[in-house]
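**Q** Chains as they are written, first to last, in our numbering: chain A, 1090 to 1304; chain B, 1090 to 1304. Glycine is no exception: its CB is placed at the ideal position from the N, C-alpha and C atoms. I have a structure here, written as structure tokens, and I will follow up with some questions on it.
There are 2 protein chains.
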Amino acid sequence: MNVLVVGANGQIGKHLVHLLHQSNEHHVRAMVRSEEQVKQLEENGIEAVQGNLEGTVDEIAKAANGCDAIVFTAGSGGHTGADKTLLIDLDGAVKTMEAAKKAQISRYIMVSAFQAHNRENWSEAIKPYYVAKHYADKMLVQSNLDYTIIRPGGLTNESGTGKIAVGENVQRSTIPREDVARTIVACLQENKTIKHSFDLVSGDVPISEAVKKLN
Amino acid sequence: MNVLVVGANGQIGKHLVHLLHQSNEHHVRAMVRSEEQVKQLEENGIEAVQGNLEGTVDEIAKAANGCDAIVFTAGSGGHTGADKTLLIDLDGAVKTMEAAKKAQISRYIMVSAFQAHNRENWSEAIKPYYVAKHYADKMLVQSNLDYTIIRPGGLTNESGTGKIAVGENVQRSTIPREDVARTIVACLQENKTIKHSFDLVSGDVPISEAVKKLN
């Protein structure tokens, strides 16, 4: 698959670009904000394109042109202002969905947030961020895209274990960013994950096996 | 009709409560934030209920219990922080939609913002507010509620003229808050406005006539 990674310079994004670049089955195009980031990626032999989530849908569609899938892993993580949360995590995300349709891309993977579907479990400290993620997810479910929504628990920079737990509601826990990236790749390879949304934390089931068993 | 006004203490809300209270065809229940506001309204012979858009759907459903319609005219108007915009104008609004379903209320009127449906026409200064209104409107359209979405132009405190212009896209202009409130009442009385969304500014067509001609 030809995969556009939106938020390629983010912490999960970097892992994901690396994995896709190494894979024999996929080709990656990294969407990043600045020309400088484009240059850096290209110097490492990675296709890169400049794209701005505060720009137009047409611009994003152009950046996505020719891809088979979009992975959205951009975002503020709740630490920027709520204005950017609205503009990037919600409207920016929905623009990429509209761009997917425009560019006739059907596969779409969203990196959401743990329990974003359950209002009562939203952390008080970053509630506005949860609101944005919740409605971006809702818009995706109501789109006609072949979506998968991944809601990872607390992100760590530890090395991945390759083993996870997934489900509609799993116990709050952590997961290395590397394993989130691996799970995204596994979802791209497993069509059973289409139209599924799930919480994701570290666990004891190998990733490829875990995503196959989603229901 | 028995109408719950959410945001009854707002500037449009006050006009609306007054109009509904005076009408022979409707009964109004004002939802406000504080106990003190409830008391003040009750002293004026108006039914009032305390409700918090940052509370639970169940609480709002309880406040709405027995009503036939909900009018949402709460909100920050873009001048509070973007965090409150997310919590009130978007998630708070959607909670009232969920509460409507829970309380088996089918009629729902949303006071939105001029051109909230067209991203390219969003004012740069209050763009996060527009994002919140846009997605609240989207969620309403995708609900099964009998909605009407009213997108008024620049709000003024002048006396109403009783004459308006409505349409999918009308030229940017202003409208007295009093006329917005009158238009809401006219929509409650005209079922042809169900499943319609429209821009609203001052014009030269009497309100009841204008809302009848929506298509």
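Is it right to say A:Q1204 is buried, meaning 16 or more other beta carbons lie within 10 angstroms of its own, or is it exposed?
**A** When all chains shown are included, A:Q1204 counts as buried.
**Q** Kindly confirm or deny that the region 1275-1291 of chain A and the region 1229-1248 of chain B touch, where touching means at least three C-beta pairs closer than 8 Å.
**A** They do not touch, by the three-pair rule.
**Q** Can you find a C-beta in chain B that's less than 9 Å from the C-beta of A:M1186?
**A** A:M1186 does not count as touching chain B.
**Q** Given a limit of 8 Å on CB to CB distance, which residues of the region 1212-1238 of chain A reach chain B?
**A** Per Cβ criterion, the list reads K1216, P1217, V1220, A1221, H1223, Y1224, K1227, M1228, Q1231.
**Q** Figure out for me which residue from B:E1136, B:Q1126, B:A1275, B:R1208 has the closest Cα to the Cα of B:N1098.
**A** The option with the nearest alpha carbon to B:N1098 is B:Q1126.
**Q** Between the beta-carbon of A:A1299 and the beta-carbon of A:T1272, is there less than 9 Å?
**A** It is a contact, given that the beta carbons lie within the stated cut-off.
**Q** Would you be able to state if there are at least three C-beta pairs under 8 Å between the region 1126-1144 of chain A and the region 1169-1187 of chain A?
**A** Segments in contact, yes.
**Q** Mind pulling the chain B residues with CB within less than 7 Å of A:L1142?
**A** Correct list: empty, because the minimum Cβ distance to chain B is about 12 Å.
**Q** Can you tell me whether DSSP reads B:Q1111 as helix, strand or coil?
**A** Here B:Q1111 sits in helix by DSSP.
**Q** Under the assumption that B:A1192 contacts B:A1150 (Cβ atoms under 8 Å), give the Cβ distance between them as a whole number of angstroms.
**A** With a Cβ gap of about 5 Å, B:A1192 and B:A1150 count as contacting.
**Q** Consider the Cβ of A:V1095: report whether some Cβ of chain B lies at a distance smaller than 9 Å.
**A** Taking Cβ atoms only, chain B never reaches closer than 9 Å to A:V1095, which makes this a no.
**Q** Give the range of the alpha helix (DSSP H) segment to which A:A1307 is assigned.
**A** Here chain A has residues from 1090 to 1304 only, and residue 1307 of chain A is not among them.
**Q** With burial defined as no fewer than 16 other Cβ atoms inside 10 Å of the residue's Cβ, what is the status of B:K1128: buried or exposed?
**A** So B:K1128 counts as exposed.
**Q** When the Cα atoms are used, what is the spatial distance from A:V1095 to B:I1159?
**A** Approximately 39 Å, taken between the alpha carbons.
**Q** For a quick check, are the C-beta atoms of B:V1220 and B:K1252 less than 9 Å apart?
**A** Not a contact, by the Cβ cut-off of 9 Å.
**Q** Taking only three categories from DSSP, how would you classify B:N1210?
**A** Three-state result, B:N1210: helix.
**Q** Measure from the alpha carbon of B:K1092 to the alpha carbon of each residue in B:H1206, B:R1118, B:D1172, B:I1101, then state which is nearest.
**A** The displayed chain sequence assigns Val, not Lys, to residue 1092 of chain B. Comparing Cα-Cα distances from B:V1092 to each of B:H1206, B:R1118, B:D1172, B:I1101, the minimum goes to B:R1118.
**Q** Quick one: residues in its chain with C-beta nearer than 6 Å to the C-beta of B:A1254, no 5 flanking neighbours on either side, listed in chain order?
**A** Here the set comprises V1290, G1292.
**Q** When the Cα of B:K1190 is compared with those of B:I1238, B:I1296, B:K1173, B:A1153, which residue comes out closest?
**A** Among B:I1238, B:I1296, B:K1173, B:A1153, the Cα nearest to that of B:K1190 is on B:A1153.
**Q** Which residue spans inside the region 1186-1261 of chain A form an unbroken beta strand (DSSP E) run of at least 3?
**A** Correct list: 1196-1200, 1235-1241, 1243-1245, 1252-1256.
**Q** Given a cut-off of 9 Å on the beta-carbon distance, is the pair A:I1135 and A:H1110 in contact?
**A** Yes.
**Q** Determine the direct distance from the alpha carbon of A:V1106 to that of A:M1090, and round the result to whole angstroms.
**A** Computed Cα separation, rounded: 13 Å.
**Q** Count the other CB atoms within 10 Å of the CB of B:K1227; is the residue buried (16 or more) or exposed (fewer)?
**A** Under this definition B:K1227 is a buried residue.
**Q** Does DSSP put A:L1142 in a helix, in a strand, or in coil?
**A** Three-state DSSP puts A:L1142 in coil, outside helix and strand.
**Q** For A:R1271, report the span of its alpha helix (DSSP H) as first-last.
**A** A:R1271 -> alpha helix (DSSP H) spans 1266-1278.
**Q** CB A:K1222 to CB B:D1172, shorter than 9 Å?
**A** For A:K1222 and B:D1172, no; Cβs fall outside 9 Å.
**Q** I'd like to know whether the C-beta atoms of B:I1239 and B:M1199 end up nearer to each other than 9 Å.
**A** Going by C-beta atoms, B:I1239 is nearer than 9 Å to B:M1199.
**Q** Does any residue of chain A bring its CB to less than 9 Å from the CB of B:A1192?
**A** False, the Cβ-Cβ gap to chain A never drops below 9 Å.
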